[in-house]
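Notes to accompany the following structure.
Number of protein chains: 2
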Amino acid sequence: MKVLGLIVEYNPMHNGHLYHLNEAKKLINPDFTVAIMSGNFCQRGEPAIVNKYARTEMALRNGIDIVFELPTVFAIQDAGNFAFGAIATLDKLKFVTDFVFGSESNDVNFLNQIAEILYKQPQKFDTIIKRELKKGLSYPNARKYALQKFLKFENSKIEKLEKSNDILGIEYIHSLLKLKSKIKYHTIKRIGSNYNETELKGKISSATAIRNAIKNNLNFSATLPTINLKILTNEFENGRGPVFLESLESFVIPYLRTLTREKIEKIYGFKEGLDIRFLKAASNAGSIQEFLDLVKTKRFTYSRIRRLILYTLFNMKKEFVELSNTYGPQYLRILGFTKKGQKFLSNIKKHVEIPIISTASLYKKILNKIMNDTEKEWKVIPELYLWQFEIDILASNIYAFFYPNKSQRKSGMDFRNPIIIE
Amino acid sequence: MKVLGLIVEYNPMHNGHLYHLNEAKKLINPDFTVAIMSGNFCQRGEPAIVNKYARTEMALRNGIDIVFELPTVFAIQDAGNFAFGAIATLDKLKFVTDFVFGSESNDVNFLNQIAEILYKQPQKFDTIIKRELKKGLSYPNARKYALQKFLKFENSKIEKLEKSNDILGIEYIHSLLKLKSKIKYHTIKRIGSNYNETELKGKISSATAIRNAIKNNLNFSATLPTINLKILTNEFENGRGPVFLESLESFVIPYLRTLTREKIEKIYGFKEGLDIRFLKAASNAGSIQEFLDLVKTKRFTYSRIRRLILYTLFNMKKEFVELSNTYGPQYLRILGFTKKGQKFLSNIKKHVEIPIISTASLYKKILNKIMNDTEKEWKVIPELYLWQFEIDILASNIYAFFYPNKSQRKSGMDFRNPIIIE
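In the order they appear, the protein sequences are chains A and B. Each residue of the first sequence is one higher than the one before, counting from 1 in the working numbering. Each residue of the second sequence is one higher than the one before, counting from 1 in the working numbering.
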């Protein structure tokens, strides 16, 4: 049995994503296709344009058989930990045989070579990277230069370390190595515009460009499969989006103003004086953009700053994030499936070692049950399970308040929305 | 030397306030007139329409000689603790001889009679009030019925216990008794519309009606002294107002959604299941009005709910509020004075037993200095001093973010704005 695993944000799912999905299927010819998808907040440190249920529907209507939620703690971390959480989820599904990811270079051997270095961390490489970091470079840049020096790359190769998909790809392979996973990995060459391209480029446009078009009321209808356009439009018409980081502006800045150094120091990712920078910027900023600009340095990218904002809003304490980065996801949260996906589910049920959550409101009962299970040994840390899941719930509750339609802003979408079944 | 003390919010200062000020002066013929004024948040649990500096200017331009800020912890408490904090401030000024307050009944003897009962708390009265509270009544109502039963009032007298100014008046006298203050008190009959009147009634309109008119873009120019209209308009033109509770909507509800029962239980005023009601309402509310309606019961008035919201935003822990309600203000914060007011200041300087703060940024140094003062014994609890003052600063920082003009939203108005000197 062949099971294709994909890691996606689908924010929103557009023609480029559909192309990638179809190419991956051609390559693997899978019996089932599984997607691990971010929830209501994404890796750029921003709320998703529409909620995870609408995005799940898009996935299922376009050929994904089952969608699992990537727990928020991973969905909003840097490339390394995002990749680790997502790969660990694929791995914990037990039945995924093949993983396919988009790549600008489409050079698996090269990506693999880099991932091996990251995995084995030769001392010489480690020394170089530390020296580069001390110069004040951001981690991705420090790593890029360290690799350059370590491997004495010619220039054309170095470029591959600057493209988003390749950076992620390296981290995916790195995580597969760490987990000693048996999942085989493949790349598909990315077509069309770059991940970070901000303007529409016809039918194959980047998700960033599509979100910008939505923000600026431009016509983006050619960029999505028709059914996705319909799903998206329906969300907007019901006032459940679009949600932008700017929507959270009047929450974020005054919230940061209520924080003290002692509180912010306990949050994951606040080191190297970032706590003081954050508090100072929150004092002086009149808008979210001004805040980002005030915190920004060569070392701290906008994405990282946005992610850090979310860590404070969700009160993501260091110890739990670090535990998560070691032990991975503690549950397999289903957002939706097709009839075929349901079959996949019944295949894996007896084999998984972390619980499958399909009814969110039962999350405590499920934990109780597995803790008292005498027949099977589950690989779950109870406190971490609760913490990860409750962050997902909180993220949804905060997300929902920023819907344009006030009557849609209730908390508890996770408890109210049934699983999407197509 | 006669010193007239007044307790005000001036939100904004209107013709009715000016009439009251002038009548009080006629009555006392004072050498100096001192006002204790709320800062950026008021007793109704709402942000002031314009900041405390603009409102201080209004006071000084209309005949007040010096304005002290009522620490936020008192400014946003119920009538009893508001009155206690304000009366204690007047008392700690050492030189105030006469206190005048507006009264619907203008019946000092009656108000005094009630205050004496509240102060002495005869056991029989106490028993009745507890019984009424058990029935689910709000405290003001329970007290009203208890007094009715205890004193066997005729109906016309009971009415006086329903008017805002008389209720406050009783609490003022009650606090003077508690503090064994030598300040003499007098009433002036309130003219014009009721405190809670929501519509404009010509030249003498309530502050509530004026704020509503501002919200609804109605002409309210006849209701204020010309200079105050100018000050107010200037604030609006610079985008430093108007600020309404609704302005804080996108902050308040998601903020409450981040709270847990354990956190909210530590906040002052959360008892009788209010913590659960708050969290549940925050989950379900799409707007601040919906939130208030969801929490509202016969027992919990809108004002009380709004005040409780502010306690959570300012993280006002039980123990510090209770200490404050026992020991009163720990500093005398000057917001502004006239030349005459400056003379008053030099009179009192040597005699006060809590420090006068005129430069906010020096508040820690001032504390240090008095703690090491070998010549004089100061009546200050250091932790309480810091806590009270830092709540004032935080309140200002949150307040400022809700100015319409983004470039005016910086924190630190207390440190940046010089004292208003007229």
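Every residue, glycine too, gets a C-beta built ideally from N, C-alpha and C.
* **One or two residues paired with residue 35 of chain A in a DSSP bridge** => Locating residue 35 of chain A in the first sequence gives position 35, counting from the first residue. Note: residue 35 of chain A sits in a beta bridge opposite A/6, A/67.
* How would you write the range of the beta strand (DSSP E) that residue 98 of chain A sits in, first residue to last? -> Within the first sequence, residue 98 of chain A is the residue found at index 98, counting from 1. Segment 98 to 103, the beta strand (DSSP E) holding residue 98 of chain A.
* To do: Kindly say whether residue 253 of chain A, judged by its beta-carbon, lies nearer than 7 Å to any beta-carbon of chain B.
  => Taking the first residue of the first sequence as 1, we reach residue 253 of chain A at position 253. Judged by the 7 Å Cβ criterion, residue 253 of chain A is in contact with chain B.
* **Limits of the unbroken alpha helix (DSSP H) element including residue 301 of chain A** => Here residue 301 of chain A refers to the residue found at position 301 of the first sequence. That residue, residue 301 of chain A, is in no alpha helix (DSSP H); it is neither H nor E in DSSP.
* To do: Can you tell me which of the three DSSP states residue 326 of chain A falls into?
  => As a position in the first sequence, residue 326 of chain A is number 326, starting the count at 1. DSSP places residue 326 of chain A in helix when its eight states are reduced to three.
* Starting from residue 20 of chain A, follow the alpha helix (DSSP H) in both directions and report where the run begins and ends. => Within the first sequence, the letter at position 20 stands for residue 20 of chain A. First-last of the alpha helix (DSSP H) with residue 20 of chain A: 15 to 28.
* Buried versus exposed, by CB contacts within 10 Å (16 or more), residue 122 of chain B -> Within the second sequence, the letter at position 122 stands for residue 122 of chain B. When all chains shown are included, residue 122 of chain B counts as exposed.
* With a cut-off of 8 Å on the beta carbons, I'd call residue 10 of chain A and residue 79 of chain A a contact; round off their distance for me. => In the first sequence, the residue the question calls residue 10 of chain A occupies position 10. In the first sequence, the residue the question calls residue 79 of chain A occupies position 79. Contact doesn't hold; Cβ gap of about 18 Å is too wide.
* Less than 8 Å between the CB atoms is what I'm expecting for residue 146 of chain A and residue 132 of chain A, so what's the real figure, rounded? => Here the question's residue 146 of chain A lines up with position 146 in the first sequence. Here the question's residue 132 of chain A lines up with position 132 in the first sequence. About 5 Å separates the two Cβ atoms, so the contact holds.
* Asked: What runs of the beta strand (DSSP E), each 3 residues or longer, lie entirely inside the region 140 to 220 of chain B?
  -> Segments of the beta strand (DSSP E) lying fully in the region 140 to 220 of chain B: 184 to 189.
* If we ignore side chains and look at the alpha-carbon of each, how far apart do residue 24 of chain B and residue 199 of chain B end up? -> What you label residue 24 of chain B is simply residue 24 of the second sequence in a count that begins at 1. What you label residue 199 of chain B is simply residue 199 of the second sequence in a count that begins at 1. Each residue's alpha carbon lies about 26 Å from the other.
* To do: State the start and end residues of the unbroken beta strand (DSSP E) segment that holds residue 240 of chain A.
  => The residue labelled residue 240 of chain A in the question sits at position 240 within the first sequence. Note, residue 240 of chain A: premise wrong, no beta strand (DSSP E); not H, not E.
* When DSSP labels each residue in this structure, what does residue 398 of chain B get in the three-state scheme? -> Reading the second sequence from its first residue, position 398 is the one you call residue 398 of chain B. Looking at residue 398 of chain B - three-state DSSP - the assignment turns out to be helix.
* Asked: Pick from A/258, A/81, A/218: whose alpha carbon is nearest that of residue 401 of chain B?
  -> Here residue 401 of chain B refers to the residue found at position 401 of the second sequence. The shortest C-alpha separation from residue 401 of chain B is found at A/258.
* Identify every residue that forms a DSSP beta bridge with residue 317 of chain A. => For the purposes of this step, residue 317 of chain A is taken as the residue at position 317 of the first sequence. Residue 317 of chain A is bridged to A/267.
* Three-state secondary structure (DSSP) at residue 273 of chain B? -> Start at 1 with the first residue of the second sequence, and residue 273 of chain B comes out as number 273. In this structure, residue 273 of chain B counts as coil in the three-state DSSP scheme.
* Asked: Taking residue 273 of chain A as the reference, which of A/286, A/243, A/300 has the closest Cα?
  -> As a first step, residue 273 of chain A must be located in the first sequence, where it is residue number 273. Selected option, being the one with the closest Cα: A/300.
* Nearest-angstrom Cβ-Cβ length linking residue 334 of chain A and residue 358 of chain A, presumed shorter than 8 Å -> Counting from 1 along the first sequence, the entry for residue 334 of chain A is found at position 334. Counting from 1 along the first sequence, the entry for residue 358 of chain A is found at position 358. Yes, residue 334 of chain A and residue 358 of chain A are in contact; Cβ-Cβ is about 5 Å, under 8 Å.
* State whether the region 324 to 333 of chain A contacts the region 82 to 92 of chain A, with contact taken as three or more CB pairs (one from each stretch) at a distance under 8 Å. => Yes, the region 324 to 333 of chain A is in contact with the region 82 to 92 of chain A.
* Asked: Which of the residues in the region 277 to 300 of chain A, read from start to end, lie with their CB under 8 Å from any CB of chain B?
  -> Flagged, chain order: 282, 283, 284, 285, 286, 287, 290.
* Asked: Given residue 228 of chain B, which residues of its chain have a CB within under 8 Å of its CB, disregarding the five upstream and five downstream residues?
  -> Your numbering for residue 228 of chain B matches position 228 in the second sequence. Here the set comprises 12, 13, 14, 58, 61, 62.
* Nearest residue (CA-CA) to residue 292 of chain A, options A/3, A/46, A/35 -> In the first sequence, the residue the question calls residue 292 of chain A occupies position 292. The residue with the shortest Cα to Cα distance from residue 292 of chain A is A/46.
* To do: For residue 166 of chain A, count neighbouring Cβ atoms within 10 angstroms of its own Cβ and tell me buried if that reaches 16, exposed if not.
  => Counting from 1 along the first sequence, the entry for residue 166 of chain A is found at position 166. Residue 166 of chain A comes out buried.
* If you compare alpha carbons, which of A/184, A/44, A/340, A/347 is closest to residue 100 of chain A? -> Start at 1 with the first residue of the first sequence, and residue 100 of chain A comes out as number 100. The shortest Cα separation from residue 100 of chain A among A/184, A/44, A/340, A/347 belongs to A/184.
* Is it a yes or a no for the region 348 to 362 of chain A touching the region 377 to 391 of chain A, going by three-plus beta-carbon pairs under 8 Å? -> Yes, the region 348 to 362 of chain A is in contact with the region 377 to 391 of chain A.
* So, is residue 130 of chain B buried or exposed, given that buried needs 16 or more other C-beta atoms within 10 angstroms? -> Here residue 130 of chain B is taken as the residue at index 130 of the second sequence, counted from 1. By the neighbour-count criterion, in which 16 or more other beta carbons inside 10 Å mark a residue as buried, residue 130 of chain B falls on the exposed side.
* Asked: For residue 106 of chain A versus residue 187 of chain A, is the C-beta spacing smaller than 7 Å?
  -> If you number the first sequence from 1, residue 106 of chain A lands on position 106. If you number the first sequence from 1, residue 187 of chain A lands on position 187. The answer is yes: Cβ separation under 7 Å.
* Asked: Within the chosen definition, does the region 402 to 412 of chain A reach the region 26 to 35 of chain B through at least 3 CB pairs nearer than 8 Å?
  -> Counting C-beta pairs with one atom in each stretch, the region 402 to 412 of chain A and the region 26 to 35 of chain B have fewer than three that are closer than 8 Å, which means they do not touch.
* Asked: On the premise that residue 253 of chain B lies in contact with residue 288 of chain B, defined as a C-beta separation below 8 Å, what is that separation, rounded to the nearest angstrom?
  -> For the purposes of this step, residue 288 of chain B is taken as residue 288 along the second sequence, with counting starting at 1. For the purposes of this step, residue 253 of chain B is taken as residue 253 along the second sequence, with counting starting at 1. Indeed, because the Cβ distance is near 7 Å, the residues count as touching under 8 Å.
* Asked: Does the Cβ-Cβ distance between residue 269 of chain A and residue 310 of chain A come in under 7 Å?
  -> Here residue 269 of chain A is taken as the residue at index 269 of the first sequence, counted from 1. Here residue 310 of chain A is taken as the residue at index 310 of the first sequence, counted from 1. Contact: no.
* Beta-carbon proximity list for residue 150 of chain B, same chain, < 8 Å, skipping 5 on both sides -> The residue labelled residue 150 of chain B in the question sits at position 150 within the second sequence. Taken in chain order, the residues that qualify are 117, 122, 124, 125, 128.
* For residue 334 of chain B, write down the residues that DSSP places opposite it in a beta bridge. => Here residue 334 of chain B refers to the residue found at position 334 when the second sequence is read from its first residue. In the DSSP output, where bridge partners are listed per residue, residue 334 of chain B has B/68.
* To do: Indicate whether at least one CB of chain B lies closer than 7 Å to the CB of residue 397 of chain A.
  => Reading the first sequence from its first residue, position 397 is the one you call residue 397 of chain A. Closer than 7 Å: yes.
* To do: Mind checking the region 310 to 339 of chain B against chain A and listing, in chain order, the residues whose C-beta falls within less than 9 Å of any C-beta there?
  => Listed by position along the chain: 313, 314, 315.
* Asked: For residue 47 of chain B, which of helix, strand or coil comes out of DSSP?
  -> Looking up residue 47 of chain B in the second sequence gives position 47. Looking at residue 47 of chain B - three-state DSSP - the assignment turns out to be strand.
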